[in-house]
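Undergrad: Mapping of the sequence shown onto our numbering: residues 164 to 503, in sequence order. Structure below; questions to follow.
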Amino acid sequence: MPTPIAPERRALEVDVHDDEEVRRWLAGMLAAQIATRREPVPAIHLLFDGHEEVLEWTGVREADPGADLAATWAALAPRRDVERRILVLRLEHEDGTSEACMFEETWEDGEPAAWWFGRRRYAVEDGIGRLLDVAWQQHAGPGRAPEPFASILSPAAGARPAQLLPARAPEPKVWMQTDEAASSARLPTTAAEMAEQTQAVVLGSLEREGFKHLLVFLIRGRTWEKWLLGDALPTAADDMVRWICGRLGQPDGVATAEGVLAHVDGKPERVIRIVGEMGGRRAERAIIMAPKPGKPEDVVTGRWMARELGPAPEGEGWIGVEPMLPGEMITTVMGYGTPK
Numbered sequence: 164m165p166t167p168i169a170p171e172r173r174a175l176e177v178d179v180h181d182d183e184e185v186r187r188w189l190a191g192m193l194a195a196q197i198a199t200r201r202e203p204v205p206a207i208h209l210l211f212d213g214h215e216e217v218l219e220w221t222g223v224r225e226a227d228p229g230a231d232l233a234a235t236w237a238a239l240a241p242r243r244d245v246e247r248r249i250l251v252l253r254l255e256h257e258d259g260t261s262e263a264c265m266f267e268e269t270w271e272d273g274e275p276a277a278w279w280f281g282r283r284r285y286a287v288e289d290g291i292g293r294l295l296d297v298a299w300q301q302h303a304g305p306g307r308a309p310e311p312f313a314s315i316l317s318p319a320a321g322a323r324p325a326q327l328l329p330a331r332a333p334e335p336k337v338w339m340q341t342d343e344a345a346s347s348a349r350l351p352t353t354a355a356e357m358a359e360q361t362q363a364v365v366l367g368s369l370e371r372e373g374f375k376h377l378l379v380f381l382i383r384g385r386t387w388e389k390w391l392l393g394d395a396l397p398t399a400a401d402d403m404v405r406w407i408c409g410r411l412g413q414p415d416g417v418a419t420a421e422g423v424l425a426h427v428d429g430k431p432e433r434v435i436r437i438v439g440e441m442g443g444r445r446a447e448r449a450i451i452m453a454p455k456p457g458k459p460e461d462v463v464t465g466r467w468m469a470r471e472l473g474p475a476p477e478g479e480g481w482i483g484v485e486p487m488l489p490g491e492m493i494t495t496v497m498g499y500g501t502p503k
């Protein structure tokens, strides 16, 4: 039995009427997906002023295996309230190369009036996705789409679209764990020690469940809290950390850890960056992740580096700084009542 699925409503901070701005945004989005996920995310993007509706096709296939991409596009593209209709695809060629493609179709009076697409090869090396070629190849023209998009977007006989619900904003994905430190445990007293202790928490998470989200670790007296911040947060990550710090009175120390791409010794590497804050100062640790032997899409921990960052920038720290979005509003969105 197919399960209806709702497109995800996301904020959009680009001018949907500006071709160049939209295409730069698309190219940046695909570059980030390839770097972090090692492939573009196939999806239908419907753009409006101030927001977009996104239908990621992997999620559709899981919920409704019989749904057809072309039939779904044919059902959604004629909508007159949509400013732009964009399809993100991955194309595999006979020679083994892969291409990321972004395709746009302009509709007028219920019919396709023009098309545009950009394409660029990519490869996965040492577990990291990299764009190839110097730039995106771009093509445009009037009327209906050319091949291969004409075939991709032509529903087969009897094909049906996905069963869709109205678009909705996703629920914030946040997990929290708390406990008391053992009486024999040594508590951190500096930002560097806070980062060092958080490194141990990160390595433990890697062993148990992997590391996919922003991790926040804090100490308040002998009580510790570990938070994992996923998608659909109500405010920026720094604001979320400030809100977490202020929920039960400001902590003694806090640290964040997240996976990033960074240039190390002149080449891009996957790195877990840890920043600790305590006593008004910050310190940093970076764990360089190495491809797992024989399975480069997975990683294992490699060497690490540490350094002092100095005083937390005034008004930009986490401890004792009010979030830009009022804490009461974040609490409401997150579903947390007043702490008891």
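Ideal Cβ positions, reconstructed from N, Cα and C, are used throughout, including at glycine.
Keeping to the same chain, check which residues put their C-beta closer than 6 Å to that of residue 338; ignore five residues upstream and five downstream.
TA: 391
Undergrad: How about residue 404 and residue 434: do their beta carbons lie closer than 8 Å?
TA: no
Undergrad: In this structure, how does DSSP classify residue 312 when only helix, strand and coil are distinguished?
TA: Helix, per DSSP.
Undergrad: By DSSP, does residue 179 sit in helix, in strand, or in coil?
TA: coil
Undergrad: Quick one: measure Cβ to Cβ for residue 152 and residue 262, integer angstroms, because I've assumed they're closer than 8 Å.
TA: Any property of residue 152 remains undetermined from this structure, which presents the chain solely from 164 to 503.
Undergrad: Helix, strand or coil for residue 500? Go by DSSP, reduced to three states.
TA: Since pLDDT at residue 500 reaches only 45, below the 50 mark, its modelled position is unreliable, and the value read off the structure follows with that caveat. Three-state result, residue 500: coil.
Undergrad: Opposite residue 431 in the DSSP bridges: which residues?
TA: 426
Undergrad: Just reading off the alpha helix (DSSP H) that residue 236 is part of, what are its end residues?
TA: 232 to 239
Undergrad: Quick check on residue 248: buried or exposed, where buried means 16 or more other Cβ atoms within 10 Å of its Cβ?
TA: buried
Undergrad: Could you spell out the range, first to last residue, of the beta strand (DSSP E) harbouring residue 286?
TA: 274 to 288
Undergrad: Terminal residues of the continuous alpha helix (DSSP H) containing residue 168?
TA: Note, residue 168: premise wrong, no alpha helix (DSSP H); not H, not E.
Undergrad: Nearest CA to the CA of residue 194: which residue from 442, 297, 342?
TA: For residue 194, the nearest C-alpha among the options comes from 297.
Undergrad: Indicate whether residue 474 and residue 327 have their beta-carbon atoms separated by less than 8 Å.
TA: no
Undergrad: In three-state terms, what does DSSP make of residue 299?
TA: Of the three classes helix, strand and coil, the one that applies to residue 299 here is coil, per DSSP.
Undergrad: Roughly how many angstroms lie between the CA atoms of residue 199 and residue 288, to the nearest whole one?
TA: 12 Å
Undergrad: I'd like to check one pair, residue 203 with residue 108: are the Cβ atoms closer than 8 Å?
TA: Nothing can be reported for residue 108, as the shown portion of the chain is limited to 164 through 503.
Undergrad: Taking the alpha carbon of residue 447 as the point to measure from, which residue in 330, 417, 325 has its own alpha carbon closest?
TA: 417
Undergrad: Between which two residues does the alpha helix (DSSP H) containing residue 270 stretch?
TA: For residue 270, there is no enclosing alpha helix (DSSP H); the enclosing beta strand (DSSP E) has its first and last residue at 261 to 271.
Undergrad: In the DSSP output, what is residue 417 paired with across the bridge?
TA: 381, 440
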